[in-house]
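Student:
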Amino acid sequence: MATLSSTHCRSYSPLPSSSYAPSSSSYLCFKLGHRQRVSVSSGSKRFLQAKVSIQSHTNSGGRTHDGAVTTTVAPIENDIPFKKLKDGLLSVSSSDECKDAMTFDINENEPTVSITVVGASGDLAKKKIFPALFALYYEDCLPQQFTIYGYARSKMTDADLRNMVSKTLTCRIDKRENCTEKMEQFLKKCFYHSGQYDSPENFAELDQKLKEHEGGRVSNRLFYLSIPPNIFIDSVRCASLSASSGNGWTRVIVEKPFGRDSESSAALTKALKQYLEEDQIFRIDHYLGKELVENLSVLRFSNLIFEPLWSRQYIRNVQLIFSEDFGTEGRGGYFDNYGIIRDIMQNHLLQILALFAMETPVSLDAEDIRNEKVKVLRSMRPLQLENMVVGQYKSHTKGGVTYPAYTDDKTVPDDSLTPTFAAAALFIDNARWDGVPFLMKAGKALHNKRAEIRVQFRHVPGNLYNQNFGTDLDRATNELVIRVQPDEAIYLKINNKVPGLGMRLDRSNLNLHYAARYSKEIPDAYERLLLDAVEGERRLFIRSDELDAAWALFTPLLKELEEKKIIPEYYPYGSRGPVGAHYLAAKYNVRWGDGVDQ
Amino acid sequence: MASQFGYCSSSSTTFTPSSFKNETHLSSRFNIVPRKSHSSTSISLIRLRIRPRKHFQLKSSSGHPLNAVSLQDGTAGVPLAKNDMEPQGKEESLPFSQSENVGPHLSITIVGASGDLAKKKIFPALFALYYEDWLPENFIVFGYARTKMTDEELRNMISRTLTCRIDQRENCEDKMDRFLKRCFYHSGQYDSEEHFAELNRKLQEKEAGKLSNRLFYLSIPPNIFVNVVKCASLRASSTSGWTRVIVEKPFGRDSESSGELTRCLKLYLTEDQIFRIDHYLGKELVENLSVLRFSNLVFEPLWSRNYIRNVQLIFSEDFGTEGRGGYFDNYGIIRDIMQNHLLQILALFAMETPVSLDAEDIRNEKVKVLRSMRPLQLEDVAVGQYKGHSKGGKSYPAYTDDPTVPNNSLTPTFAAAALFINNARWDGVPFLMKAGKALHTKRAEIRVQFRHVPGNLYKRNFGTDLDKATNDLVLRVQPDEAIYLKINNKVPGLGMRLDRSDLNLLYRARYSREIPDAYERLLLDAVEGERRLFIRSDELDAAWALFTPLLKELEQKKIVPELYPYGSRGPVGAHYLAAKHNVRWGDLSGEDS
Numbered sequence: 001m002a003t004l005s006s007t008h009c010r011s012y013s014p015l016p017s018s019s020y021a022p023s024s025s026s027y028l029c030f031k032l033g034h035r036q037r038v039s040v041s042s043g044s045k046r047f048l049q050a051k052v053s054i055q056s057h058t059n060s061g062g063r064t065h066d067g068a069v070t071t072t073v074a075p076i077e078n079d080i081p082f083k084k085l086k087d088g089l090l091s092v093s094s095s096d097e098c099k100d101a102m103t104f105d106i107n108e109n110e111p112t113v114s115i116t117v118v119g120a121s122g123d124l125a126k127k128k129i130f131p132a133l134f135a136l137y138y139e140d141c142l143p144q145q146f147t148i149y150g151y152a153r154s155k156m157t158d159a160d161l162r163n164m165v166s167k168t169l170t171c172r173i174d175k176r177e178n179c180t181e182k183m184e185q186f187l188k189k190c191f192y193h194s195g196q197y198d199s200p201e202n203f204a205e206l207d208q209k210l211k212e213h214e215g216g217r218v219s220n221r222l223f224y225l226s227i228p229p230n231i232f233i234d235s236v237r238c239a240s241l242s243a244s245s246g247n248g249w250t251r252v253i254v255e256k257p258f259g260r261d262s263e264s265s266a267a268l269t270k271a272l273k274q275y276l277e278e279d280q281i282f283r284i285d286h287y288l289g290k291e292l293v294e295n296l297s298v299l300r301f302s303n304l305i306f307e308p309l310w311s312r313q314y315i316r317n318v319q320l321i322f323s324e325d326f327g328t329e330g331r332g333g334y335f336d337n338y339g340i341i342r343d344i345m346q347n348h349l350l351q352i353l354a355l356f357a358m359e360t361p362v363s364l365d366a367e368d369i370r371n372e373k374v375k376v377l378r379s380m381r382p383l384q385l386e387n388m389v390v391g392q393y394k395s396h397t398k399g400g401v402t403y404p405a406y407t408d409d410k411t412v413p414d415d416s417l418t419p420t421f422a423a424a425a426l427f428i429d430n431a432r433w434d435g436v437p438f439l440m441k442a443g444k445a446l447h448n449k450r451a452e453i454r455v456q457f458r459h460v461p462g463n464l465y466n467q468n469f470g471t472d473l474d475r476a477t478n479e480l481v482i483r484v485q486p487d488e489a490i491y492l493k494i495n496n497k498v499p500g501l502g503m504r505l506d507r508s509n510l511n512l513h514y515a516a517r518y519s520k521e522i523p524d525a526y527e528r529l530l531l532d533a534v535e536g537e538r539r540l541f542i543r544s545d546e547l548d549a550a551w552a553l554f555t556p557l558l559k560e561l562e563e564k565k566i567i568p569e570y571y572p573y574g575s576r577g578p579v580g581a582h583y584l585a586a587k588y589n590v591r592w593g594d595g596v597d598q
Numbered sequence: 001m002a003s004q005f006g007y008c009s010s011s012s013t014t015f016t017p018s019s020f021k022n023e024t025h026l027s028s029r030f031n032i033v034p035r036k037s038h039s040s041t042s043i044s045l046i047r048l049r050i051r052p053r054k055h056f057q058l059k060s061s062s063g064h065p066l067n068a069v070s071l072q073d074g075t076a077g078v079p080l081a082k083n084d085m086e087p088q089g090k091e092e093s094l095p096f097s098q099s100e101n102v103g104p105h106l107s108i109t110i111v112g113a114s115g116d117l118a119k120k121k122i123f124p125a126l127f128a129l130y131y132e133d134w135l136p137e138n139f140i141v142f143g144y145a146r147t148k149m150t151d152e153e154l155r156n157m158i159s160r161t162l163t164c165r166i167d168q169r170e171n172c173e174d175k176m177d178r179f180l181k182r183c184f185y186h187s188g189q190y191d192s193e194e195h196f197a198e199l200n201r202k203l204q205e206k207e208a209g210k211l212s213n214r215l216f217y218l219s220i221p222p223n224i225f226v227n228v229v230k231c232a233s234l235r236a237s238s239t240s241g242w243t244r245v246i247v248e249k250p251f252g253r254d255s256e257s258s259g260e261l262t263r264c265l266k267l268y269l270t271e272d273q274i275f276r277i278d279h280y281l282g283k284e285l286v287e288n289l290s291v292l293r294f295s296n297l298v299f300e301p302l303w304s305r306n307y308i309r310n311v312q313l314i315f316s317e318d319f320g321t322e323g324r325g326g327y328f329d330n331y332g333i334i335r336d337i338m339q340n341h342l343l344q345i346l347a348l349f350a351m352e353t354p355v356s357l358d359a360e361d362i363r364n365e366k367v368k369v370l371r372s373m374r375p376l377q378l379e380d381v382a383v384g385q386y387k388g389h390s391k392g393g394k395s396y397p398a399y400t401d402d403p404t405v406p407n408n409s410l411t412p413t414f415a416a417a418a419l420f421i422n423n424a425r426w427d428g429v430p431f432l433m434k435a436g437k438a439l440h441t442k443r444a445e446i447r448v449q450f451r452h453v454p455g456n457l458y459k460r461n462f463g464t465d466l467d468k469a470t471n472d473l474v475l476r477v478q479p480d481e482a483i484y485l486k487i488n489n490k491v492p493g494l495g496m497r498l499d500r501s502d503l504n505l506l507y508r509a510r511y512s513r514e515i516p517d518a519y520e521r522l523l524l525d526a527v528e529g530e531r532r533l534f535i536r537s538d539e540l541d542a543a544w545a546l547f548t549p550l551l552k553e554l555e556q557k558k559i560v561p562e563l564y565p566y567g568s569r570g571p572v573g574a575h576y577l578a579a580k581h582n583v584r585w586g587d588l589s590g591e592d593s
């Protein structure tokens with residue numbers, strides 16, 4: 001328990017439920033290593049090495065495949081004795097050590113972290129990145145010494161930036177004290193530098209300013225590229241050449257889109273790799289930072305009861321569902337060039353699918369997990385046109401309110417065929433999943449907003465209660481639902497007897513509703529991912545080969561859609577989407593599970 | 001000891017009258033209906049249960065006209081011409097006449113009507129069934145006991161304990177009045193054939209010559225079971241329909257006395273006239289156990305030694321004998337709770353998949369489980385007895401403080417036992433039972449602890465004892481019926497802390513309607529001839545065979561129970577017993593309230 005209170009970052013306040021004493025040890029945080037480093041603040045040295053040690057360790061254990069990882073270790077990290085690393089890694093725990101580390105670390109050699117948000121005046125920066133950084137600061141998850149720089153073309157002073165940022169900062173619901181105070185302290189660490197995205201000189205000026213703040217300490221630098229894809233490379237080039245850290249690590253976070261097909265994605269990767277090593281590149285897929293996506297592996301691998309079920313033997317189909325209840329709302333310019341398949345399916349849903357379906361990794365290390373994910377992607381058949389249904393929303397009037405069609409959006413061409421809805425059936429041709437349809441569905445302007453994973457199990461063979469189920473046995477099977485948003489929840493639909501004198505069966509839920517069980521606010525995905533990037537934890541970021549494999553699945557289909565000018569099926573704004581999705585499901589003997597609930 | 005259980009005095013040669021034979025024959029025909037042709041009938045049976053009303057009509061319309069059956073037997077419409085019937089005054093305004101062709105008549109006789117169980121459970125259950133329209137159109141209830149009482153007095157007595165269901169209070173008074181009008185009383189000795197003959201006459205009057213079925217509920221001490229059965233069977237059997245007898249525990253106190261009781265009952269009754277009630281089997285969640293197991297694919301692969309580490313069956317009461325230990329002292333907690341209730345649940349839990357849901361198929365599988373178990377050894381049990389305890393200025397009595405209990409009594413009020421089923425599915429899996437009085441809570445539950453995840457990736461999050469963070473499935477039978485599955489998941493937040501949460505289904509939250517009392521279900525089943533939840537003779541024999549050697553040894557060796565304070569968690573011996581089999585009691589881990 002002591003561990004918890006002393007290093008609250010990765011595992012802040014002890015749970016309300018933590019009352020079961022005997023197993024307090026189970027609260028140990030597997031990221032302990034990292035936690036130490038973080039709270040330890042200057043510990044970046046230790047911390048880095050620990051990371052390195054894990055990797056070299058596993059490498060020596062025979063992992064192949066990823067030369068990049070080992071080569072990128074910055075020189076500075078090598079002078080720390082291996083033993084110490086190992087300690088950091090293996091001493092899973094004790095609060096004592098954390099405290100020791102802390103006292104030990106607070107000195108002038110403490111490394112600094114400079115986080116530069118490139119594209120600081122943009123929407124994502126305002127709405128997500130700065131608030132996430134503040135949340136991390138508020139929770140004491142950032143190193144003691146850190147600086148945040150906004151970089152953009154707009155002319156602004158530091159004060160202008162602080163003013164802008166302060167409008168979107170909020171404190172966590174569960175502990176509002178000191179909020180204003182903390183906010184002010186945080187804003188004092190925020191600065192702004194105005195410059196062109198393709199100007200090495202301007203980045204060199206930034207470098208100068210950063211150095212001033214770093215004050216000669218070991219300095220690590222994180223660049224968050226919150227900019228349009230066409231200037232990715234320019235910025236990376238300038239940042240890498242003119243503003244890399246001289247003595248610590250330099251990492252770059254990139255957001256989607258990572259190209260728009262295999263070729264453009266590969267070109268982007270190739271260009272990035274001219275200036276960055278693989279493990280300097282942090283490709284964010286913010287869905288992987290969602291609480292329940294993180295929990296997916298925990299559920300699977302730490303509960304015996306799911307182990308025998310997780311295969312074609314018991315699972316009939318898997319559904320990955322994403323829906324938004326709004327359209328492009330005047331901002332379709334970017335979207336129109338990509339469409340829902342590239343925007344949601346090829347990345348978010350496919351990533352979740354890979355996590356869901358992967359074999360048990362050797363360990364929880366990023367490389368082990370990503371290796372398994374790549375294997376899943378490479379075992380899948382590229383999508384065919386007949387396994388895909390596309391749709392586009394049209395205008396709809398309801399209750400006196402008229403909702404616009406997609407093509408009513410001024411930033412969208414009138415004759416656009418870009419899908420705003422898509423449903424797809426995918427198959428993994430390996431021993432575990434052969435023949436099990438993985439259905440994906442994603443759409444804008446639908447009747448609700450949700451993201452969930454539904455696992456439908458097979459029917460009970462030779463069911464004694466067959467008579468109670470009518471003719472379609474598949475209507476009464478077990479179903480595991482992991483609702484990623486909103487209202488995070490896990491529930492298992494089971495058949496049970498309706499209380500009473502009869503023998504009527506009923507599907508009930510064995511459920512875990514997060515809001516009811518966990519009073520604290522669930523951190524935003526960006527907080528987790530930023531923290532991981534600072535800590536060098538790559539588990540939730542996409543590796544180049546993963547990206548290639550993902551594109552390989554979708555590229556032929558996307559090309560065909562465009563070349564054949566496939567007309568999307570129109571569906572009214574706010575509806576349940578085109579009926580084509582049902583026919584696609586029916587073809588594989590699946591029934592969408594989301595129509596049934598609520 | 002056994003001598004006091006000489007159930008059938010000496011008259012084992014008593015003849016069985018032909019009328020009774022007829023009845024037997026007939027009743028078995030009836031019973032065949034739901035049992036043998038399982039595919040078609042159990043559908044109808046299930047439907048019957050679904051539609052609350054008129055299930056008797058439905059039954060006859062589903063191809064088994066009850067009247068037709070009886071006619072074939074040539075015993076229907078028998079001697080009792082209408083002119084035999086003495087008008088009963090205003091009682092005759094009962095709605096019998098209006099429904100002459102509706103279905104057979106049902107007479108329920110509660111023998112021991114003035115007793116506690118009758119007042120608290122049986123009459124209220126009958127009323128609830130009536131209120132919900134589960135009983136046939138034509139039914140009457142007779143109370144039978146030695147006390148002199150009028151019908152009116154009986155009604156008065158009963159009316160105090162009747163309640164209406166919470167969820168539909170309308171017409172309650174009205175319904176109650178109508179129900180009470182169908183209740184009658186007959187005073188008589190339990191061993192008097194004449195008195196039962198009088199009862200028979202009264203019943204015949206009410207039945208008015210219709211095809212009539214009779215159900216006797218024996219709510220009386222075990223030493224007079226056989227006398228009553230003899231008298232009832234000889235003098236008050238139905239001549240045109242079936243006659244069934246419901247018996248409550250105790251069914252003997254060891255193999256011999258139980259065998260003797262069964263033998264005696266069988267002099268007068270055939271096996272399928274005997275309905276041995278174990279009211280735990282009528283509990284909602286015990287009924288649901290088979291549904292959960294057999295209608296959910298997710299449980300199928302888990303249900304064996306491969307995945308289940310141990311099973312715990314836990315029963316506790318938060319009160320002692322409270323001045324009524326006279327009966328209990330002669331039996332003890334092992335006979336009172338374990339050998340019947342907990343063992344029955346165990347058998348249901350562990351049985352192989354039956355061929356069908358028919359009573360005989362299920363009971364066949366249960367017997368197989370019981371016969372695969374090793375008889376209990378002394379070292380497999382821990383016994384306890386509660387002692388006096390003062391808490392918060394209040395003092396609670398010891399078991400032996402009960403004036404009806406001998407001062408030197410060694411009768412266990414608590415017992416824990418480890419049982420094993422030596423078959424392919426369960427070899428090596430400990431089934432732990434625990435039952436006790438005067439403990440800190442009142443509960444009954446089944447806990448299934450699964451094995452730990454082999455090669456768990458998250459091992460480091462669990463500390464050294466992996467078995468502390470395994471999945472548990474808990475079926476809470478009472479109070480607050482619930483099913484929950486303990487799973488490990490991530491505590492929301494930036495770290496990777498794991499936590500055990502519950503995937504749960506709390507009945508109260510999901511189902512607004514009141515859950516029927518076990519007695520309602522069992523009475524209805526007896527009326528309908530559904531034997532699934534009653535104990536067959538061979539089941540009973542097998543159950544006693546497991547416990548008898550141990551019980552004898554406990555008594556012969558005068559094993560002193562471990563004393564535990566009233567209101568405590570029971571003797572620590574239970575923990576050592578569990579530890580011996582590498583089990584940790586799930587209810588005392590502090591996780592659950």
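Residue numbers (full-length UniProt numbering), protein chains in the order written: chain A, 1 to 598; chain B, 1 to 593.
Even for Gly, the Cβ is constructed at its ideal location relative to N, Cα and C.
To the nearest angstrom, how far is it from the Cα of A:Ala-21 to the Cα of B:Phe-431?
Tutor: The count along the first sequence starts at 1 and reaches residue 21 of chain A at position 21. The count along the second sequence starts at 1 and reaches residue 431 of chain B at position 431. Caution is warranted here: a pLDDT of 36 is assigned to A:Ala-21, below 50, making its placement in the model unreliable, and no coordinate value can be reported.
Student: List the DSSP bridge partners of A:Ser-194.
Tutor: Counted from its first residue, the first sequence places residue 194 of chain A at position 194. In DSSP, A:Ser-194 forms a bridge with A:Ala-152.
Student: Do we get a CB-CB distance below 9 angstroms when we pair A:Gly-500 with the residues of chain B?
Tutor: The residue labelled residue 500 of chain A in the question sits at position 500 within the first sequence. Judged by the 9 angstroms Cβ criterion, A:Gly-500 is in contact with chain B.
Student: If you drop the 5 nearest sequence neighbours on each side, which residues of the same chain put their C-beta closer than 8 angstroms to that of residue 654 of chain B?
Tutor: Not covered by the structure: residue 654 of chain B. The range shown for chain B is 1 to 593.
Student: Leaving aside the five residues before and after A:Asp-487 along the sequence, list all residues of the same chain whose C-beta is less than 8 angstroms from its C-beta, in chain order.
Tutor: Within the first sequence, numbered from 1, the residue matching residue 487 of chain A stands at position 487. Correct list, in chain order: His-513, Tyr-514, Ala-515.
Student: Kindly indicate which residue of B:Ile-246, B:Leu-199, B:Gly-586 has the alpha-carbon position closest to the one of B:Cys-231.
Tutor: Stepping through the second sequence from its first residue, residue 231 of chain B is reached at position 231. Among B:Ile-246, B:Leu-199, B:Gly-586, the Cα nearest to that of B:Cys-231 is on B:Leu-199.
Student: Starting from the C-beta of A:Glu-527, find all residues in its chain whose C-beta is less than 6 angstroms away, skip the five residues before and the five after it, and write them out in chain order.
Tutor: Here residue 527 of chain A is taken as the residue at index 527 of the first sequence, counted from 1. For A:Glu-527, where only same-chain residues beyond five positions count, the Cβ hits under 6 angstroms are Ala-132, Ala-135, Leu-136.
Student: What separation, rounded to the nearest whole angstrom, lies between the Cα atoms of A:Phe-335 and A:Glu-386?
Tutor: The count along the first sequence starts at 1 and reaches residue 335 of chain A at position 335. The count along the first sequence starts at 1 and reaches residue 386 of chain A at position 386. Computed Cα separation, rounded: 24 angstroms.
Student: If you follow the alpha helix (DSSP H) that B:Thr-548 is part of, which residue opens it and which one closes it?
Tutor: Locating residue 548 of chain B in the second sequence gives position 548, counting from the first residue. Taken as a continuous stretch (DSSP letters only), the alpha helix (DSSP H) holding B:Thr-548 covers 537 to 556.
Student: What residue from B:Leu-218, B:Ser-255, B:Arg-214, B:Phe-225 has the CA that sits closest to B:Thr-239's CA?
Tutor: Position 239 of the second sequence, counting from 1, holds the residue named residue 239 of chain B. Comparing Cα-Cα distances from B:Thr-239 to each of B:Leu-218, B:Ser-255, B:Arg-214, B:Phe-225, the minimum goes to B:Arg-214.
Student: Are there three or more Cβ pairs, one per stretch, closer than 8 angstroms when the stretch 274 to 291 of chain A is compared with the stretch 249 to 264 of chain A?
Tutor: Yes, the stretch 274 to 291 of chain A touches the stretch 249 to 264 of chain A.
Student: Apart from the five residues on each side of it in sequence, which residues of its chain come closer than 8 angstroms, Cβ to Cβ, to A:Asn-466?
Tutor: For this step, residue 466 of chain A is matched to residue 466 along the first sequence. Around A:Asn-466: Leu-473.
Student: Note the first and the last residue of the continuous alpha helix (DSSP H) segment covering A:Arg-528.
Tutor: Your numbering for residue 528 of chain A matches position 528 in the first sequence. Where A:Arg-528 is concerned, the enclosing alpha helix (DSSP H) stretches over 525 to 535.
Student: Short of 6 angstroms in beta carbon distance, which residues of its chain neighbour A:Gln-485, apart from the five on each side in sequence? Order them along the chain.
Tutor: Numbered from its first residue, the first sequence carries residue 485 of chain A at position 485. Around A:Gln-485: Ala-451.
Student: I'd like the list of long-range same chain contacts for A:Leu-531, defined as Cβ closer than 7 angstroms, with 5 residues on each side in sequence excluded.
Tutor: If you number the first sequence from 1, residue 531 of chain A lands on position 531. The answer, listed in chain order, is Leu-136, Cys-141.
Student: Using a Cβ cut-off of 9 angstroms (strictly closer), state whether B:Ile-515 contacts chain A.
Tutor: Start at 1 with the first residue of the second sequence, and residue 515 of chain B comes out as number 515. Yes, B:Ile-515 counts as interfacial toward chain A.
Student: Check whether the Cβ atoms of B:Ala-418 and B:Asp-380 lie closer than 9 angstroms to each other.
Tutor: As a working mapping, residue 418 of chain B is identified with position 418 in the second sequence. As a working mapping, residue 380 of chain B is identified with position 380 in the second sequence. Yes, these two residues count as a Cβ contact at 9 angstroms.
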